[in-house]
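Notes to accompany the following structure.
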Amino acid sequence: EHCVFARFLSKGNSYQDCGHVCTRNTVHLRDQNGKDNLVLADLGCRNTVFMAESQSGVYNLNDWRRAGVGRLRIELVDEDGKDSVDIVMAYL
């Protein structure tokens, strides 16, 4: 798999020889609108690009429930503890 961190921050080509530079560096990809989108590597060395601006589905919850959606996944990137609690509580 392609790894942005390995490609630009190490002499390696993959998780096998990159030196895990993702644990010591922060990477953003700039989009066509000039916004910096955070790139994070998970424990399996897969890269995820997070939009520069947060998205929320909280205003669609009732429609989703009526449609039969019973579970949601909330992804938090760099929120502090209080903000994390506030966000999760908004979905309950």
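Just so you know, the sequence shown maps onto residues 65 to 156 in the numbering used here. The C-beta atom is built at its ideal place from N, Cα and C for all residues, glycine as well. On a predicted model such as this, the values are computed, not experimentally measured, just so you know.
Where do the ends of the alpha helix (DSSP H) carrying residue i lie?
i	result
residue 85	Counting along the chain, residue 85 falls outside any alpha helix (DSSP H), and DSSP gives it neither H nor E.
residue 148	145 to 155
Who pairs with residue i in a beta bridge, going by DSSP?
i	result
residue 94	100
Just tell me which of the options has its CA closest to the CA of residue i.
i	options	result
residue 67	94, 108, 101	108
residue 115	155, 132, 140	140
residue 78	105, 137, 122, 132	105
residue 156	76, 126, 132, 146	126
residue 142	69, 130, 118	118
Please tell me whether, using a cut-off of 7 Å, the distance from the CB of residue i to the nearest non-hydrogen atom of the ligand GDP is below it.
i	result
residue 88	The ligand GDP is not among the ligands present in this structure, which contains no ligands whatsoever.
(request) Kindly provide the ranges of any alpha helix (DSSP H) runs that are 4 or more residues long and lie completely inside the segment 101 to 143, ordered along the chain. (result) 125 to 130
(message) Quick test of the definition: if touching needs 3 or more C-beta pairs under 8 Å, does the segment 91 to 103 touch the segment 121 to 128?
(response) no
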